[in-house]
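Be aware that the sequence shown starts at 35, since it is given in the working numbering, and climbs by one per residue. Just so you know, even glycine gets a beta-carbon here, dropped at the ideal spot from N, CA and C. Note that the structure is predicted; figures quoted are calculated from it, not measured. Data first, discussion second: the structure below is written as structure tokens.
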Amino acid sequence: MGWFSRLFGSSESPKQAVVEPVEYKGYLIYAESIAEGGQYRIAGRITTGEGDSLKTHRFIRSDLLGSEGDANELMLKKAQMFIDQMGESIFNN
């Protein structure tokens, strides 16, 4: 039945965890580590603004850590450092 579900789509959608953002200097940081081979890759996004003026910067790092909590904690520290170094230019293309 799995083959059939993949072919025609399944009514079940994967459940995504709700990530609570951390506010830092007017930016919102979302730690969204990615499970990979029994470890967790550092990933997340930084946002600013609301509605039509919402700006988002997503990133995935090469770092892999043994626990999701450690990966999210390191992501938060890296995002804060990135904000300190780059400021608003984070969102320039």
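Name the two residues that bound the continuous beta strand (DSSP E) containing residue i.
i    : result
L108 : Taken as a continuous stretch (DSSP letters only), L108 belongs to no beta strand (DSSP E), being part of the alpha helix (DSSP H) at E102 to M120.
S96  : K89 to L99
V56  : V56 to Y58
Of the choices the options, whose alpha-carbon is the least far from that of residue i?
i   : options                 : result
R79 : I68, L99, S101 and L98  : I68
Q73 : L99, G103 and H91       : L99
H91 : K111, D104 and Y61      : Y61
E54 : F93, N106, D118 and E84 : N106
Quick one: Cα of residue i to Cα of residue j, how far?
i    : j    : result
A113 : I63  : 7 Å
F125 : K89  : 7 Å
K59  : L108 : 18 Å
For the segment 60 to 85, which segments carrying the beta strand (DSSP E) assignment without a break, of at least 3 residues, lie completely within its bounds, in sequence order?
61 to 65, 68 to 70 and 73 to 82
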